[in-house]
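Just so you know, the sequences run in chain order A and B. Going by the working numbering, the first sequence opens with residue 1, and the numbers climb by one from there. Going by the working numbering, the second sequence opens with residue 1, and the numbers climb by one from there.
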Amino acid sequence: MMQFFLTLLLVGFSVSLSGQDHIAVQKKHYEEAYREITEMLDGKKPYSFKRAVFVTENCFLHHTLDYENFNQKIVSLAQTCTDYARANSANFVYDYDDRETVIKHAALFRLMTDSIPLVQLGGHTLNTIPYTYDFDDFWGRENWSQMFVSKLMATHKGNCHSLPYLYKIIAEEMGLTAYLALAPHHMYIKLYAKKTGMYNTELTNAAFPVDAWLMASGYIHTNAIRSGIYMDTLSRKQSLALCLLDLAKGYERTFGTQDSEFPGRCCATALKHYPNFVNALLMQAEQTKRKLDNLMIRYHAASLQDLLAVQEARDVFEAYEAMIRHIYTLGYRKMPEKMYGDWLLDLKENREKYTNKKVINNFNTLQTR
Amino acid sequence: MSLSIFLSGCRYPGTLTTYFLQSLRSVIQAASSLSPFSFTSLSAAACFLSTTLSVESFAQLAEPQRPAFKKFTPVSQTQSYTTEQKKEEPDTEPGHNYGSALQPQKAEAVMPDHIYRTLSKNNTTLNYSSTIPGKTASSVDIVRSLVHELKSYEPAISYRFPAQTSAPGHAHFVSAYQELTDMLEGRRPPDLKRAVFVTENAFFGNRMSYTDYQTTIAEMTTLIRLKMQQEKLPLQDNDAILYMTHQYFTDTLDIKLPLHEKTATTFPKTYDFRDPFGHENPTNMFVSKLMAQNSGQCKSLPLLFLILVYEMGGHAYLSFSPSHSYIKCRDRNGTWYNMELTNGALTSDSWVVASGYVRSEAVKSGIFLDTLNRKQIIAQCLVDLAQYYTWRYRAYGDFVLTCVNKAIEHHPTNIWAIQVKSDYYTLLFQYIAEQKGFTGPEALKSDPRAMELFTQRNRLYALIDGLGYEPIPEQAYMDWLKMLDEKRQQQEHRQHYSNFSKMIR
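Written out as structure tokens, the structure is:
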């Protein structure tokens with residue numbers, strides 16, 4: 001009821017609202033989204049990654065999205081995959097007893113990266129459109145909504161943030177398990193099949209790369225793997241923690257970086273459920289550094305030495321140092337942005353070298369009859 | 001138009017009759033664009049009747065095979081040498097052929113693949129969730145508890161291999177085991193030099209001379225120390241010891257001998273390409289072979305390096321990657337270096353994983369790329385001892401299990417020990433299956449003791465998979481080592497090396 005009222009309020013009066021009210025309303029939306037995800041984390045509400053992603057995106061987009069509509073699309077996509085898997089099950093060679101699961105994953109992979117024929121009309125076949133990588137603004141610099149699943153669903157172009165999210169959402173709609181996994185500036189899907197063990201699904205390149213591709217990028221320290229900050233499968237709660245961080249980032253993009261109370265709270269909650277969540281740790285460190293910058297201005301300090309004469313600043317600086325040290329020990333190393341692009345291309349160019357052949361040989365046998 | 005109907009007919013084989021109405025020309029036209037296997041229409045089949053007939057006579061070649069259950073290949077701690085691949089007797093005195101009943105190929109004839117398929121493929125013990133280390137506890141602790149749990153099932157397994165205690169040379173293995181265990185349990189100071197010696201000596205039936213061995217090691221350390229003195233390096237400094245030992249392994253050194261006119265020249269220790277996996281002769285992987293011939297492989301080179309470094313009072317660590325071992329060491333600034341002694345390069349972790357067979361789970365669980373301390377290396381000697389035992393007698397016995405269990409106790413994440421253990425249960429199961437003459441899964445299920453054995457075998461397989469282990473094919477391994485000769489790797493080596501040598505001077 002409350003939500004309905006708010007939506008009505010927004011739609012009806014958004015034009016007449018003054019700027020101040022507008023901000024207040026949107027902040028309220030963020031608070032609501034935060035509350036909903038936290039309730040899922042605390043077990044007060046049933047877990048739904050789909051819903052968590054939706055509310056995160058919706059409050060950045062001024063509540064212009066419709067959940068029913070979004071849900072309908074996901075359900076129909078999931079149904080398409082399930083039907084396709086059932087219809088073409090005969091020629092799929094995989095024969096372990098988790099066949100049902102694997103064939104559904106193969107169908108979903110096909111939906112994401114290739115096309116699935118839907119209807120045949122007078123010699124023409126209507127196909128689904130594959131979801132491809134969007135090379136424009138893949139960091140979401142100009143427009144934060146570049147990272148969104150809703151944008152991906154509307155334009156069929158996404159990046160390493162929205163593509164794995166969509167995969168996970170559809171997979172969970174189909175009743176499957178799909179794990180997200182992190183890498184420097186990157187996210188991908190990790191799945192398990194009895195025959196092949198754990199394997200990676202890379203949607204940006206439509207490939208199944210082996211772990212060596214990620215590790216050989218040179219920016220994943222072995223400590224990072226041991227501490228679980230990268231290349232580890234994320235649990236349900238950890239995946240929700242990712243949404244919380246997205247929420248914090250969206251908030252910063254909407255209201256600027258000076259208002260650090262809400263993002264700070266998001267980070268803290270995310271870290272409570274995923275202590276080695278490196279992106280949240282980094283955001284926290286950045287916030288502390290910003291605090292230090294502000295103190296520098298407030299005390300008119302010319303150098304760090306001057307600033308450290310103030311007790312308050314010394315405490316903040318020590319906290320900052322401790323954070324950076326912690327992040328370093330966990331094995332995080334900054335990856336230059338150019339390296340990221342090169343590294344993604346590396347998979348395209350050396351496909352043969354990095355492909356998990358056991359997986360591809362099985363998946364390729366799912367063909368339309 | 002006719003073409004399109006033909007194609008759509010292909011997709012729905014139910015409407016075969018319509019094709020007879022098509023003109024032959026259009027069928028042939030369409031046929032030429034398709035492979036003969038996709039034909040479903042009768043007329044097309046008639047066109048290619050002669051072809052299919054000739055194919056049929058070679059049906060066993062053309063027919064796609066059902067994928068067979070892949071048998072587990074036992075892998076040794078350094079190379080993929082296995083008991084099956086053994087070609088000839090070791091060059092020691094011939095022992096009795098105790099293992100005649102244990103030849104794996106014989107057991108295979110009794111246990112056809114389909115039994116394995118039905119039993120192990122969908123076995124509940126291969127459920128991964130219980131064997132992939134969880135997130136809450138540290139993964140090494142998880143591995144330790146899993147390994148401990150596996151050991152608790154052992155008393156339930158009452159089947160054993162026939163006793164071999166009377167085999168010639170068996171006593172040497174037992175005394176070697178005793179000595180290594182004493183070192184591990186603190187009744188004797190841990191001494192890698194001695195540990196490697198007793199392990200290899202047991203294989204040779206106690207025919208090596210410890211005095212000679214010791215003298216050779218002492219000679220080597222003296223030469224390295226002399227060179228350090230001549231370069232004015234501090235003799236007790238760990239970085240200097242590592243630097244000079246690395247030089248000794250990879251470079252030609254001219255060393256002035258005190259009270260001598262002559263200078264001694266040492267030559268680099270090279271990689272032996274002839275038989276690095278020890279297929280022809282397992283002793284090609286021995287440290288004593290390296291000392292005698294100045295050429296070794298990825299097992300003997302790091303071991304000798306560590307022996308020399310420990311003798312001179314330095315410290316370094318051993319580290320594993322698939323089918324490989326290398327040195328990890330830390331300089332006084334805390335920077336880690338990987339020493340690849342097979343060609344002397346200093347490498348990065350990303351090169352090590354670039355072989356493509358290191359999974360992230362393997363790094364997380366600590367079976368690869370982790371450091372082994374002195375005691376853990378001695379525990380590894382126990383695994384070697386077990387392996388040498390199987391090569392020496394071409395059979396598995398209780399001794400093998402005792403050795404690897406002791407090794408696992410002191411180093412729970414030793415993947416090679418876990419593998420030897422799984423080999424043990426695999427072969428024991430095959431042996432029992434042959435003795436009992438099992439013909440199908442039902443026969444096996446009616447024998448709870450054999451079933452328990454089989455389950456234990458599967459538990460170990462599940463553990464190995466859960467730890468993220470993946471075997472590397474020999475060819476991939478060699479290709480990977482060759483990558484070190486590439487320009488980029490050499491550049492990386494030069495950079496690491498200049499950092500490293502700056503520390504010394």
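Using N, Cα and C, we set each Cβ at its ideal position, and we do this for glycine too.
Please classify W139/A: does DSSP put it in a helix, a strand, or coil? Taking the first residue of the first sequence as 1, we reach residue 139/A at position 139. Three-state DSSP puts W139/A in coil, outside helix and strand.
When we look at the beta-carbon of Q238/A and count the other beta-carbons within 10 Å, is it buried (16 or more) or exposed? Start at 1 with the first residue of the first sequence, and residue 238/A comes out as number 238. With 16 or more Cβ atoms within 10 Å of its Cβ, Q238/A is classed as buried.
Does any residue of chain C bring its CB to less than 7 Å from the CB of R359/B? Absent from the structure is chain C; the protein chains it does hold are A and B.
With DSSP collapsed to three states, give me the class of Y320/A. Here residue 320/A corresponds to residue number 320 of the first sequence, with the count starting at 1. Of the three classes helix, strand and coil, the one that applies to Y320/A here is helix, per DSSP.
Going along the chain, which residues of its own chain have a beta-carbon closer than 7 Å to the beta-carbon of L330/A, five neighbours each way excluded? Stepping through the first sequence from its first residue, residue 330/A is reached at position 330. Taken in chain order, the residues that qualify are N223, A224, S227, I229, N276, V278.
Give the straight-line distance between the Cα atoms of Q258/A and D306/A, rounded to the nearest whole angstrom. Taking the first residue of the first sequence as position 1, residue 258/A is located at position 258. Taking the first residue of the first sequence as position 1, residue 306/A is located at position 306. For Q258/A and D306/A, the distance between alpha carbons rounds to 23 Å.
Does any residue of chain B have a CB that is nearer than 7 Å to the CB of M215/A? Within the first sequence, residue 215/A is the residue found at index 215, counting from 1. Judged by the 7 Å Cβ criterion, M215/A is in contact with chain B.
Counting only beta-carbon atoms, is V210/A nearer than 7 Å to chain B? For the purposes of this step, residue 210/A is identified with residue 210 of the first sequence, where counting begins at 1. With 7 Å as the cut-off, V210/A counts as an interface residue toward chain B.
Nonlocal neighbours in the same chain, by C-beta distance under 8 Å from N373/B, ignoring five residues either side: Counted from its first residue, the second sequence places residue 373/B at position 373. Beyond the five residues adjoining it in sequence on each side, N373/B comes within less than 8 Å, by CB distance, of Y317 in the same chain, given in chain order.
Per-residue DSSP class, three states only, for H493/B: Position 493 of the second sequence holds residue 493/B. Three-state result, H493/B: helix.
Helix, strand or coil for M339/A per DSSP? As a working mapping, residue 339/A is identified with position 339 in the first sequence. Helix.
Alpha helix (DSSP H) segment containing G344/B, residue limits: Within the second sequence, the letter at position 344 stands for residue 344/B. Here G344/B belongs to no alpha helix (DSSP H), and DSSP marks it neither H nor E.
Q26/A versus H221/A: straight-line alpha-carbon distance, rounded: Walking along the first sequence from the start, residue 26/A turns up at place 26. Walking along the first sequence from the start, residue 221/A turns up at place 221. Roughly 40 Å separates the two Cα atoms.
Buried or exposed for K445/B, please, with buried defined as at least 16 other CB atoms from any protein chain shown within 10 angstroms of its CB. Start at 1 with the first residue of the second sequence, and residue 445/B comes out as number 445. By the neighbour-count definition (other C-beta atoms within 10 Å, threshold 16), K445/B is an exposed residue.
Collapsed DSSP secondary structure at F305/B in the structure displayed: The residue given as residue 305/B occupies position 305 in the second sequence. Helix.
Hey, is L155/A's beta-carbon within less than 7 Å of any beta-carbon in chain B? Sequence index remark: in the first sequence, residue 155/A carries index 155 (1-based). Reading the sequence as shown, one finds Thr at residue 155/A and not Leu. With 7 Å as the cut-off, T155/A does not count as an interface residue toward chain B.
What are the residues of the region 441 to 469 of chain B that lie near chain A, defined by any Cβ-Cβ distance shorter than 7 Å? D465
On the criterion of 16 or more Cβ atoms from any shown chain inside 10 Å, does L7/B qualify as buried, or is it exposed? Counting from one through the second sequence, the residue named residue 7/B turns up at place 7. Unreliable placement is indicated for L7/B, whose pLDDT of 38 sits below 50; no coordinate value is reported for it.
Collapsed DSSP secondary structure at M174/B in the structure displayed: Residue mapping note: residue 174/B aligns to position 174 of the second sequence, counting from 1. A quick correction: the sequence has Val, not Met, at residue 174/B. Note: V174/B maps to helix in three-state DSSP.
Can you find a CB in chain A that lies within less than 7 Å of the CB of G356/B? The count along the second sequence starts at 1 and reaches residue 356/B at position 356. So, interface residue.
Per-residue contacts from M231/A into chain B (C-beta, under 7 Å): As a working note, residue 231/A is residue 231 in the first sequence. Simply S360.
Are M244/B and K227/B touching if we call contact CB-CB under 7 Å? Mapped onto the second sequence, residue 244/B falls at position 244. Mapped onto the second sequence, residue 227/B falls at position 227. It is a contact, given that the beta carbons lie within the stated cut-off.
Distance cutoff 7 Å, beta carbons only. Does T201/A sit that close to anything in chain B? The count along the first sequence starts at 1 and reaches residue 201/A at position 201. Taking Cβ atoms only, chain B never reaches closer than 7 Å to T201/A, which makes this a no.
If I'm right that S321/B touches L369/B with Cβ under 8 Å, what's the distance once you round it to whole angstroms? Here the question's residue 321/B lines up with position 321 in the second sequence. Here the question's residue 369/B lines up with position 369 in the second sequence. That belief holds up - the Cβ atoms of S321/B and L369/B are roughly 6 Å apart, short of 8 Å.
Alpha-carbon spacing of V53/A relative to A156/B, whole angstroms: As a working mapping, residue 53/A is identified with position 53 in the first sequence. As a working mapping, residue 156/B is identified with position 156 in the second sequence. Roughly 51 Å separates the two Cα atoms.
Taking CB distances under 7 Å as the criterion, tell me whether S321/B reaches chain A. As a first step, residue 321/B must be located in the second sequence, where it is residue number 321. For S321/B, the answer is no, since every Cβ of chain A falls outside 7 Å of its Cβ.
Should D349/B be flagged as near chain A, meaning a C-beta pair shorter than 7 Å? By one-based count along the second sequence, residue 349/B stands at place 349. Chain A contact via Cβ: present.
Using the rule of at least 16 other Cβ atoms within 10 Å of the residue's Cβ for burial, across every protein chain shown, is I297/A buried or exposed? Taking the first residue of the first sequence as 1, we reach residue 297/A at position 297. Exposed, because fewer than 16 other Cβ atoms sit within 10 Å of the Cβ of I297/A.
Using 8 Å as the Cβ pair cut-off and three pairs as the minimum, do the region 146 to 165 of chain A and the region 131 to 138 of chain A touch? yes
Look at H374/A and M339/A and say whether their C-beta atoms are less than 7 Å apart. Given that chain A is displayed from residue 1 to residue 369, the structure contains no residue 374/A and the question cannot be resolved.
Near-chain A residues of the region 305 to 331 of chain B - C-beta to any C-beta below 8 Å: none
Segment contact flag, the region 348 to 366 of chain B with the region 377 to 391 of chain B, C-beta cutoff 8 Å, min 3 pairs: Too few Cβ pairs lie closer than 8 Å, so no.
By how many angstroms is the C-alpha of H63/A removed from the C-alpha of L247/A? As a working mapping, residue 247/A is identified with position 247 in the first sequence. As a working mapping, residue 63/A is identified with position 63 in the first sequence. Rounded to the nearest angstrom, the two C-alpha atoms are 14 Å apart.
Beta carbon of K328/B nearer than 7 Å to that of T390/B: Here residue 328/B is taken as the residue at index 328 of the second sequence, counted from 1. Here residue 390/B is taken as the residue at index 390 of the second sequence, counted from 1. No, the pair does not count as a contact, with Cβ atoms beyond the cut-off.
By the three-class DSSP mapping on this structure, what secondary structure does I229/A have? On the first sequence, residue 229/A is found 229 positions in, with the first residue counted as 1. Three-state result, I229/A: coil.
With a 10 Å radius around its C-beta and 16 neighbouring C-beta atoms as the bar for buried, classify F273/B as buried or exposed. For the purposes of this step, residue 273/B is taken as the residue at position 273 of the second sequence. By the 10 Å Cβ count, F273/B comes out exposed.
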